[in-house]
Amino acid sequence: MSYSSQEMMTVAAARALSNSDVCFVGIGMPSAACNLARLTHAPRIKLIYESGTLQTRPDVLPLSIGDGELSDTALTTVPVPEVFRYWLQGGRITVGFLGGAQVDRFGNLNSTVIGNYDRPKVRLPGSGGATEIATQCGQIFLVMKQGPRSFVRELDFLTSLGHGRTGRERQRLGIRTKGPTLLVTDLCIMRPDAETNEMTVNSIHPGVTREQVRANTAWEVRFAEAVQETPPPTASELEVLRDLHARTARAHGAAVGES
Amino acid sequence: MSYSSQEMMTVAAARALSNSDVCFVGIGMPSAACNLARLTHAPRIKLIYESGTLQTRPDVLPLSIGDGELSDTALTTVPVPEVFRYWLQGGRITVGFLGGAQVDRFGNLNSTVIGNYDRPKVRLPGSGGATEIATQCGQIFLVMKQGPRSFVRELDFLTSLGHGRTGRERQRLGIRTKGPTLLVTDLCIMRPDAETNEMTVNSIHPGVTREQVRANTAWEVRFAEAVQETPPPTASELEVLRDLHARTARAHGAAVGES
Amino acid sequence: MELLNIQEAVARFVHDGDSVALEGFTHLIPFAAAHEILRQGRKDLTLIRMTPDLIYDQMIGMGVARRLIFSWGGNPGVGSLHRLRDAVEKSWPQPLEIVEHSHAAMASAYEAGAAGLPCAIFRGYQGSDLPSVNPQIKFIACPFTGEKLACIPALRPDVAFIHAQKADREGNVLIEGIVGVQKEAALAAQRAVVTVEEMVDDFGPRSSNTVILPSWSIDAVVLAPGGARPSYAHGYYARDNAFYIAWDEIARDRDTFKTWMEENVLREKVRQ
Amino acid sequence: MELLNIQEAVARFVHDGDSVALEGFTHLIPFAAAHEILRQGRKDLTLIRMTPDLIYDQMIGMGVARRLIFSWGGNPGVGSLHRLRDAVEKSWPQPLEIVEHSHAAMASAYEAGAAGLPCAIFRGYQGSDLPSVNPQIKFIACPFTGEKLACIPALRPDVAFIHAQKADREGNVLIEGIVGVQKEAALAAQRAVVTVEEMVDDFGPRSSNTVILPSWSIDAVVLAPGGARPSYAHGYYARDNAFYIAWDEIARDRDTFKTWMEENVLREKVRQ
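Residue numbers (the working numbering), protein chains in the order written: chain A, 1 to 259; chain B, 260 to 518; chain C, 519 to 790; chain D, 791 to 1062.
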């Protein structure tokens, strides 16, 4: 069964989730991955959106973080201050999904500006929940399309902490959560090196070459000693994912939220 | 119609309340006074109990601050942290009712200990909500039976601030609420002197003498230039109050909540 | 609490130069109030909102704001807010000063405002560059553990508008579904106006813990059915996702935007 | 979350020397849990509760506590807690260290505990002597306004017990009516046990904003019908006000108290 690189990325991210996870979900790919996990191998995963919907089971993917669907299918819906104070800062979330316009080799993210903060070339949306998600979830899964302008040597702005500019910042700041333990792209899967915390290629998606990975990374990307080939999406994974997207498109009356 | 001194006290306190008040209510006499006001001249008064019941309309007096009756008849019931943070500290309460084991001439209260704190003669219940009610409600109405051991020269412990040990403490601490503007006893009504903030007798209940007031006050109690006689409870005030107590006694299966 | 129409509420409670929070976390966004503020030509506003969304994209594009306090400025699930970007990147139609936070910070700052406190503390901004561009982010040490905690000023808007499902005849307001920071915003503000879908005699049987703002905690109630469109009102109408997508095209171009606003927002005045 | 009986839950989660919060603000006081802690003979506990009530009067009188953190220690509407007084005034049956707060302080300290913070700030204790007898009350200056605010350590009990109306088959817990500080206490604790009136398959149709503790936020659920008596459970049974009044006589005398506890609490063990 043929599949897109976007589908490969979503499936690879979904597989990293388990039944015991309590997941802080962002819109777009993270939402697709989390709900794919819930509809396949991890039916007991708990999904939380920052709009306050606890343990929600949307039938279609939300366009926004606060669609009615999320509240309708949630165990309960709490105020937004409570979500950030009791649930995120309270240390009850095992996995947070993040992405951004730029990521560096230590998994730090920029979702604030391209260029100078005071005279930006491109003003991006900003932190939203990301800054505290990055430090308060048990671990962070990063999901981003890979490219030389987004996988950068140096961030224009550090919105959300990964392992810090030295790879050792979390320890220095007394942060006890793990930070980025996984970076899933449309080309490969990276994990932090046990020594340096540099995000290192562990698995390459079928049909992708090391050269492609290098060409799409602005830093000199490192490969683990034993690099696997990512198992391709199974027929059933693809079927569930495509059904989810088809239902979503019908519900929203437009082709949105792809993959 | 004959009446008890307890009834006179309750009625006098009730009369000080108006339709525009939002009232933080304690158990016992304050609860009786507030509900009497609600059932007579102030039907639109809003009553709040520290258990989180906002705008409640109990049919019988609660024995505890958190009886089911309070929640059943409330506009809504919020968590206790919210009551103290958003509603009391947020400055939304116009009147708080307080009493204690001891009061001094500036309306400061002791509800903590008789004797030394570390080796108390009598251990009293403690602050409960009183310490912050005293400083955060728009004004405070004190209600206490008068006696030389409770109307003292010097408190054993200052639990809740009135006008402070000098009469000027609120200003010094930057507190903008008024503090005790009224002290209703079974003998008389006192109000703070405009200059010194000393609680001063403004009105004496029918049949009570100045000598009785003096004998039941350990400090040299001052009388205002023009001391009124408190109008006695009307027949309709007494009827409503006695009905309320009769309903309460039937509901609780015992003669509780007297006054 | 007074029962007003939207023209009266805006005329009475919103002044040039005010700090204004129009809150609603995706759900119950008070568009009707925003549009009336535009029609009445208020200016020099400080706009406060966690997610500026289309509502502030419109206000910023129309030049009513000199300052924005926010934490996430995108079109949810779609992309950029082009008017917000144009103001920040190119000062069009006028420069926009930004005070930028994270969601956790804004939510805690509203909570502190509702609680009458001058500041909020939380564990935040660790390792982020945001404190270097926002002087309102400070850090204090916990006096018991020594832990460094973020501290920011409470949000206390001059006026807040929120939208809710129902008001009863006393002017109490009921909110259900995704309640966001609406209650906190209303309680934190000096003046609070609630637009509602519906007026009812009485809320009837309900859970003891229903989210209700008592009449005496707000300044005005305004009947405004559909007042949250194109966002949604749980139990009344769904989010107009197609419009959120269409907005990307409308707002991308300055002239298209102005024409759309002229035709769809400003001309409403004539009709009334 | 595990489904346990009360014996298992106490055996597993309560250890000698623990700090224990059995919360329930007048409503839903977890007496069944307290009685099992007494039957299992735990000692040296730090007891935490805003209102010690009869539940801690019993525990203190039986000598299980070395320390009490509280804010109002009376028998509501009745008078004194005689066992609490006897412990503080006469060290019977053993000395009791007290850490005394106001309600506003305790509520904020639970809120901070639930929020994972080391301390709580609030505007409190102004002009009161309480800070002079409780070294855990400190003051810090707001870095923006200079205002002096009270600051106290967050409450983070080793274990919390609360009582609730219902659990569903996943172990989620629903609380309704006067919710007090129960949710905060459960979330603030290292280990949280919820006793419930009833197990249901599913909570069924309900308000979106129902107060629910998800199964993954607590450690154990225990079916304990009547587990809040003589306090009450909204929707199940009323407060036994007559017993609260009768307790005044029972607890006034040491021997009467001990006999009553022996007959009505400790002997329960034999029956099971």
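Quick reminder that beta carbons are idealized off the backbone N, C-alpha and C, glycines included.
### Task
Go to Leu572/C, then tell me how far its beta strand (DSSP E) extends in each direction, as first and last residue.
On the third sequence, residue 572/C is found 54 positions in, with the first residue counted as 1. No beta strand (DSSP E) contains Leu572/C, which is instead part of the alpha helix (DSSP H) from Asp571 to Gly579.
### Message
Let's see if you can read the secondary structure: which residues bound the alpha helix (DSSP H) around Ser809/D?
### Response
Position 19 of the fourth sequence, counted from the first residue, corresponds to residue 809/D. No alpha helix (DSSP H) holds Ser809/D; the beta strand (DSSP E) holding it covers Ser809 to Leu812.
### Query
Between the segment 621 to 653 of chain C and chain A, which residues of the former have a C-beta closer than 7 angstroms to a C-beta of the latter?
His621, Ala622, Ala625, Ser626, Tyr628, Glu629, Phe640, Arg641, Gly642, Tyr643, Gln644, Gly645, Ser646, Asp647, Leu648 and Val651
### Query
Using a C-beta to C-beta distance shorter than 9 angstroms, which residues of chain D count as neighbours of Pro317/B?
For the purposes of this step, residue 317/B is taken as residue 58 along the second sequence, with counting starting at 1. Simply none; closest approach about 13 angstroms.
### Message
Within a Cβ cutoff of 6 angstroms, which residues of the same chain sit near Ile286/B, ignoring the five residues on either side of it in sequence?
### Response
As a working mapping, residue 286/B is identified with position 27 in the second sequence. The residues are Ile324.
### Task
Specify, as a first and last residue, the run of the alpha helix (DSSP H) that Pro289/B falls within.
As a first step, residue 289/B must be located in the second sequence, where it is residue number 30. Looking at the DSSP string, the run of the alpha helix (DSSP H) that includes Pro289/B is Met288 to Leu298.
### Query
Using the C-alpha atoms, what's the distance from Asp21/A back to Gln136/A?
Taking the first sequence and counting its residues from 1, one reaches residue 136/A at position 136. Taking the first sequence and counting its residues from 1, one reaches residue 21/A at position 21. The straight-line gap from Cα to Cα measures roughly 14 angstroms.
### Query
Going along the chain, which unbroken runs of the alpha helix (DSSP H) with 4 or more residues stay wholly within the segment 433 to 512 of chain B?
469 to 474 and 494 to 511
### Query
Can you tell me whether DSSP reads Pro921/D as helix, strand or coil?
Locating residue 921/D in the fourth sequence gives position 131, where the first residue counts as 1. In this structure, Pro921/D counts as helix in the three-state DSSP scheme.
### Task
Have a look at the DSSP bridge pairing and note the partners of Lys684/C.
As a working mapping, residue 684/C is identified with position 166 in the third sequence. Answer is Leu692/C and Glu716/C, bridged to Lys684/C.
### Cross-chain neighbours of Thr544/C in chain A, by beta carbon under 8 angstroms
Stepping through the third sequence from its first residue, residue 544/C is reached at position 26. Neighbours of Thr544/C on chain A, chain order: Ser51, Ser64, Ile65, Gly66 and Asp67.
#### Entry: Residues that Leu977/D contacts on chain A, provided the C-beta gap is smaller than 7 angstroms
For the purposes of this step, residue 977/D is taken as residue 187 along the fourth sequence, with counting starting at 1. The contacting residues are Tyr86 and Gly90.
### Query
What is the DSSP secondary structure of Ser589/C, reduced to helix, strand or coil?
Mapped onto the third sequence, residue 589/C falls at position 71. In this structure, Ser589/C counts as coil in the three-state DSSP scheme.
### Message
For a test of the three-state rule: what should DSSP assign to Gly631/C, helix, strand or coil?
### Response
To locate residue 631/C, count along the third sequence from 1; it is residue 113. DSSP places Gly631/C in helix when its eight states are reduced to three.
### Query
How about His600/C and His752/C: are their beta carbons less than 9 angstroms apart?
Position 82 of the third sequence, counted from the start, is the residue given in the question as residue 600/C. Position 234 of the third sequence, counted from the start, is the residue given in the question as residue 752/C. No. Outside cutoff.
### Task
Measure from the C-beta of Ile952/D to each C-beta in chain A and report whether the shortest distance is under 9 angstroms.
Here residue 952/D refers to the residue found at position 162 of the fourth sequence. It does not; no Cβ of chain A falls within 9 angstroms.
### Task
Could you tell me whether the segment 64 to 83 of chain A touches the segment 624 to 632 of chain C, using the rule of 3 or more Cβ pairs below 8 angstroms?
yes
#### Entry: Boundaries (first-last residue) of the alpha helix (DSSP H) holding Tyr376/B
Translated into the one-based positions of the second sequence, residue 376/B becomes position 117. No alpha helix (DSSP H) contains Tyr376/B, which DSSP labels as neither H nor E.
### Query
By Cβ distance below 6 angstroms, which residues in the same chain neighbour Val582/C in space, the five residues on each side in sequence not counted?
The residue given as residue 582/C occupies position 64 in the third sequence. Arg560, Lys561 and Leu563, listed in sequence order.
### Message
Suppose the cutoff is 8 angstroms on Cβ atoms and the five residues either side in sequence are ignored; what does the same chain contact list for Gln405/B look like?
### Response
Numbered from its first residue, the second sequence carries residue 405/B at position 146. Once the five neighbours on either side are set aside, the close Cβ partners of Gln405/B are Thr444, Asp445, Leu446, Cys447, Val472, Asn475 and Thr476.
### Task
With 8 angstroms as the C-beta to C-beta threshold (strictly closer), list the residues of the segment 989 to 1023 of chain D near chain A in chain order.
Ser998, Asn999, Thr1000, Val1001, Ile1002, Pro1004, Trp1006 and Ser1007
### Task
For Thr269/B, name the three-state secondary structure that DSSP assigns.
As a working mapping, residue 269/B is identified with position 10 in the second sequence. The answer is helix: DSSP assigns Thr269/B an H, G or I state.
### Task
Pull up the distance between the alpha-carbon of Met779/C and that of Ile555/C, whole angstroms please.
As a position in the third sequence, residue 779/C is number 261, starting the count at 1. As a position in the third sequence, residue 555/C is number 37, starting the count at 1. Approximately 13 angstroms, taken between the alpha carbons.
### Beta-ladder partner(s) of Asn110/A, from DSSP
Your numbering for residue 110/A matches position 110 in the first sequence. BP columns for Asn110/A point to Gln102/A.
### Task
Please compile the residues from chain A whose C-beta is within a distance smaller than 9 angstroms of the C-beta of Asn962/D.
Locating residue 962/D in the fourth sequence gives position 172, counting from the first residue. Simply Gln55, Leu75 and Thr76.
### Task
Take His300/B as the anchor and find which of Val411/B, Ser495/B, Gln398/B and Val381/B has the nearest alpha-carbon.
The residue labelled residue 300/B in the question sits at position 41 within the second sequence. Closest by alpha carbon: Ser495/B.
### Query
With 16 as the cutoff for other CB atoms within 10 Å, does His422/B come out buried or exposed?
By one-based count along the second sequence, residue 422/B stands at place 163. Buried: at least 16 other Cβ atoms inside 10 Å.
#### Entry: Residues of its chain near Ala552/C, where Cβ-Cβ distance is below 7 angstroms and the 5 sequence neighbours each way are ignored
Along the third sequence, one-based indexing puts residue 552/C at 34. Here the set comprises Leu540, Ile573, Gln576 and Met577.
### Query
Using DSSP with H/G/I as helix, E/B as strand and the rest coil, what is Thr332/B?
Working through the second sequence from its first residue, we reach residue 332/B at position 73. Correct three-state label for Thr332/B: coil.
### Query
By Cβ distance below 8 angstroms, which residues in the same chain neighbour Val1001/D in space, the five residues on each side in sequence not counted?
For the purposes of this step, residue 1001/D is taken as residue 211 along the fourth sequence, with counting starting at 1. Cβ neighbours of Val1001/D beyond the five flanking positions: Leu964, Ile965, Glu966, Val969 and Lys973.
### Message
I want to know whether the segment 1029 to 1036 of chain D touches the segment 113 to 124 of chain A - three or more CB-CB distances under 8 angstroms.
### Response
no
### Task
Can you grab the Cα-Cα spacing for the pair Asp876/D / Arg839/D, in whole Å?
Position 86 of the fourth sequence holds residue 876/D. Position 49 of the fourth sequence holds residue 839/D. Rounded to the nearest angstrom, the two C-alpha atoms are 18 angstroms apart.
### Query
So, Gln55/A versus Ala905/D, is the Cβ gap smaller than 9 angstroms?
Position 55 of the first sequence, counted from the first residue, corresponds to residue 55/A. Position 115 of the fourth sequence, counted from the first residue, corresponds to residue 905/D. No, they are not a contact pair.
### Query
Comparing alpha-carbon positions, which option in Arg584/C, Val699/C and Pro649/C lies nearest Gly631/C?
The sequence position of residue 631/C within the third sequence is 113, counting from 1. Cα-wise, what sits closest to Gly631/C is Val699/C.
### Task
Go through its chain and collect everything with a Cβ distance to Ser409/B's Cβ below 7 angstroms, but skip five positions before and after it.
Here residue 409/B refers to the residue found at position 150 when the second sequence is read from its first residue. Same-chain partners within the cutoff: Ala360, Gln361, Val362 and Met403.
### Query
Assuming Phe223/A contacts Gly167/A under a Cβ cut-off of 8 angstroms, what Cβ separation, rounded to an integer in Å, is found between them?
Start at 1 with the first residue of the first sequence, and residue 223/A comes out as number 223. Start at 1 with the first residue of the first sequence, and residue 167/A comes out as number 167. That belief does not hold up - the Cβ atoms of Phe223/A and Gly167/A are roughly 17 angstroms apart, past 8 angstroms.
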